[in-house]
Amino acid sequence: MERYASGQSHSQAVASNFLPVLVMFTVMKPLKSIIQTLLQAQATIAAFLAAGLLVHTLLSIISRMHCLSSLASPITLTSLPLLLIFFRLHRRSRVYLLGYSCFKPLPDRKCTFEASMQFVRRSGLVSSESEDFMQRIFSKSGLGDETYGPPFIFDPNNGIARAKLESAVEEAREGIVGAVDSLFLKTQVSPHQIDTVIVTSGSFSPSPSLSSFVVNRYKMRHDVKTYDLSGMGCSSGTIAVDMAGRLLGRRRRRPEYALVVITESISSNWYFGNNRSMLVANCIFRVGCAAVLVTNDPSRRGSAKMELLHSVRTHHGSDDQAYRAAFQKEDEKGNTGVSLTKDLVPVAGANLRRHIEILGPRVLPLRQLFLYVCSSLSARLDCSKKPTVPDFTTAFDHFCIHTGGKAVIEQVGRVLRLGDHVIEPARMTLNRFGNTSSSLVFYELAYFEAKGRVRRGDRVWMLAFGTGFKVGSLVLRSLRDSSMEDDNPWKDCIGRYPVSLGELCMIKQQ
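The sequence shown begins at 10 in the numbering used here and counts up one residue at a time.
Spelled out as structure tokens, the structure:
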């Protein structure tokens with residue numbers, strides 16, 4: 010009995026030694042993280058009760074903080090370093106966006122609507138009714154006359170024959186080389202330093218792959234890891250950066266660099282037919298490419314542009330309407346193209362609402378979270394109500410919204426309750442460069458920088474939509490004030506922007 014009592018008292022002593030450590034870590038846990046976890050687990054009445062119990066527990070623990078004096082015991086002093094080492098080893102590396110570059114084609118590649126229609130007429134494959142339809146779509150699209158077209162449009166002799174593999178390869182190589190050359194030059198990073206290459210192209214997947222072209226072009230190391238993403242649509246840029254961030258975030262052995270190349274092929278999906286849902290893509294998609302350099306090297310923080318704070322991806326392909334909203338297919342005559350259905354805009358709005366349910370708890374301030382939870386509870390009790398969308402301008406300073414088209418921009422503005430000044434960069438980027446697919450959010454970021462609007466500490470939200478149907482978000486924090494760089498695609502024209510909506514309408518009527 011004495012031995013049992015002795016063992017019991019020893020166990021109590023050990024427990025009393027570890028108790029202060031547990032108390033300390035419990036108290037230090039941020040209350041915001043607790044609330045976010047509860048929200049992600051479903052904002053129900055039960056969650057509120059649990060939050061109340063947690064607050065009560067924390068208050069009771071704080072009242073007994075005098076117990077921390079026992080930390081001087083040998084067991085506790087030994088356990089503290091072990092716990093610190095454990096958390097250090099399992100903490101993810103910070104990921105930095107070292108720099109990015111956007112490809113800007115030569116002036117002779119500017120694709121006015123008239124230039125594209127001349128090519129269509131030369132082909133003789135599109136009816137006059139389809140020409141009129143394309144004219145109406147373009148006049149409402151929000152695109153200007155300074156966007157850039159694929160190489161085959163400017164070939165007066167054999168453009169139709171070139172509108173396949175030859176032009177697609179030329180288009181991809183021009184964009185990749187232009188963007189990557191500029192990126193290496195301004196970041197002073199050698200191709201031999203690159204550990205990972207990720208290339209994304211939604212509808213063009215040649216063999217050898219585009220990532221192999223990058224490795225060959227820049228003579229990279231034999232142990233470089235390469236990834237090619239295809240079929241992801243306009244969200245593939247955010248997906249590729251998310252992938253790079255996850256790869257680098259869990260690697261702590263040594264600093265690494267990831268090169269992300271975001272391109273698209275207009276040539277391989279130009280539609281020669283009369284299906285109206287497939288003709289829309291000819292009117293809004295234009296040439297563009299972006300290259301991004303991502304690293305987990307802490308010594309490069311001082312020269313990095315931004316830090317990647319969060320990346321969120323949601324996939325809504327289980328819904329048939331969402332899955333087929335944008336679809337590559339052949340028409341009844343075997344002509345290949347991308348069909349953009351009338352469901353695309355409502356699908357984007359509905360799935361954006363689901364997406365922000367996951368993103369919101371990670372980025373919104375506590376007050377907005379509380380209001381959103383109350384609104385969600387009210388909507389559950391009264392099915393006729395919808396939850397009020399939080400004010401995301403309290404979480405972000407700048408919004409890079411994927412400018413898939415004028416209707417998509419307006420839908421995002423309605424869902425998120427954003428003012429015209431917030432979606433101005435999206436409208437201007439669509440007007441100047443058209444829909445360059447997944448690289449477009451970086452052309453939009455370049456607009457902010459050309460205007461000098463990004464300040465150190467500002468938060469930027471990149472939001473993109475992709476076929477399937479996917480929604481992707483990147484949350485970035487600026488590490489320095491923005492400035493006009495030599496390779497900024499807006500450098501020679503930023504003084505003309507923003508253009509008012511009235512001026513855009515007058516331009517289209519002319």
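Beta carbons are placed, not taken as given, at the ideal position from N, Cα and C, and that holds for glycine. Keep in mind that this is a model prediction, so the values were computed, not measured.
{"Check": "Anticipated Cβ contact below 8 Å, Ile185 with Leu219, distance rounded", "Outcome": "7 Å"}
{"Check": "Gly461 versus Tyr280: straight-line alpha-carbon distance, rounded", "Outcome": "39 Å"}
{"Check": "contact_flag[the region 483-503, the region 277-292] where n(CB pairs < 8 Å) is 3 or more", "Outcome": "no"}
{"Check": "CA-to-CA distance, Cys383 to Thr35, given in whole angstroms", "Outcome": "Confidence is the limiting factor: at Thr35 the pLDDT is only 38, short of 50, which leaves the residue's position unreliable, though a coordinate-based value still follows. Each residue's alpha carbon lies about 27 Å from the other."}
{"Check": "Under 7 Å between C-beta atoms of Gly475 and Met241", "Outcome": "yes"}
{"Check": "Buried or exposed by the 16-neighbour rule on C-beta atoms within 10 Å, applied to Lys314", "Outcome": "buried"}
{"Check": "In DSSP terms, what Phe338 is bridged to", "Outcome": "For clarity, residue 338 is Lys in the given sequence; the question names Phe instead. In the DSSP output, where bridge partners are listed per residue, Lys338 has Gly346."}
{"Check": "Contained alpha helix (DSSP H) runs [length at least 4] in the region 134-174, N- to C-terminal order", "Outcome": "137-150 and 168-171"}
{"Check": "Proximity winner among Asp391, Arg464 and Ser387, relative to Asp406 (alpha-carbon distances)", "Outcome": "Arg464"}
{"Check": "Cβ neighbours of Lys228 in the same chain (closer than 6 Å, five flanking residues each side left out)", "Outcome": "none"}
{"Check": "Opposing strand residues paired with Val206 [DSSP bridges]", "Outcome": "Thr235 and Leu268"}
{"Check": "Supposed close pair Ser199, Ser110 - CB separation, criterion 8 Å", "Outcome": "The Cβ separation is near 16 Å, so there is no contact."}
{"Check": "Top-ranked residue by Cα proximity to Ser132, from Asp164, Leu454, Gly151 and Leu257", "Outcome": "Asp164"}
{"Check": "Buried versus exposed call for Asn440 [16 or more other C-beta atoms within 10 Å across all chains shown]", "Outcome": "buried"}
{"Check": "Three-state class that DSSP yields for Met241 in the structure shown", "Outcome": "coil"}
{"Check": "Cβ-Cβ distance between Ser446 and Cys243 below 7 Å", "Outcome": "yes"}
{"Check": "Val198 in three-state terms, based on DSSP", "Outcome": "coil"}
{"Check": "Exposed unless 16 or more other CB atoms sit within 10 angstroms - verdict on Glu123", "Outcome": "exposed"}
{"Check": "Through-space distance from Val189 to Val202, alpha-carbon basis", "Outcome": "What sits at residue 202 in the sequence shown is Gln, not Val. Near 14 Å, if we compare the C-alpha coordinates of Val189 and Gln202."}
{"Check": "Touch test, the region 324-333 against the region 342-358, Cβ-Cβ under 8 Å, three pairs minimum", "Outcome": "yes"}
{"Check": "Cα-Cα separation, Phe478 to Val421", "Outcome": "15 Å"}
{"Check": "Proximity winner among Ser136, Leu378, Leu194 and Phe142, relative to Asp495 (alpha-carbon distances)", "Outcome": "Leu194"}
{"Check": "Backbone CA spacing between Tyr157 and Leu302 [nearest angstrom]", "Outcome": "25 Å"}
{"Check": "Rounded separation between Thr403 and Leu375 - CA only", "Outcome": "10 Å"}
{"Check": "Alpha carbon of Arg230 to alpha carbon of Leu318, nearest angstrom", "Outcome": "29 Å"}
{"Check": "Backbone CA spacing between Asp237 and Tyr381 [nearest angstrom]", "Outcome": "39 Å"}
{"Check": "Residue burial classification, Asn291 (beta-carbon count within 10 angstroms, cutoff 16)", "Outcome": "buried"}
{"Check": "Counted within 10 angstroms of its Cβ, other Cβ atoms place His364 as buried (16 or more) or exposed", "Outcome": "buried"}
{"Check": "Sequence-distant residues of its chain with Cβ nearer than 7 Å to Ile503 (five each side left out)", "Outcome": "Ala459 and Lys460"}
{"Check": "Cβ neighbours of Arg505 in the same chain (closer than 8 Å, five flanking residues each side left out)", "Outcome": "none"}
{"Check": "Terminal residues of the beta strand (DSSP E) in which His324 lies", "Outcome": "Met315 to His324"}
{"Check": "Which residues DSSP lists as bridging Thr402, in chain order", "Outcome": "According to DSSP, Thr402 bridges with nothing at all."}
{"Check": "Cα-Cα separation, Val30 to Gly369", "Outcome": "With a pLDDT of 37 at Val30, under the threshold of 50, the predicted position of this residue should be treated as unreliable, and no value is reported."}
{"Check": "Length at least 4, wholly inside the region 103-139: the alpha helix (DSSP H) runs in chain order", "Outcome": "122-132"}
{"Check": "Beta-carbon proximity check, Val450 vs Met471, cutoff 7 Å", "Outcome": "yes"}
{"Check": "Contacts around Asp340, its chain only, beta-carbon distance under 6 Å, and the 5 residues preceding and following it disregarded", "Outcome": "Gly282 and Asn284"}
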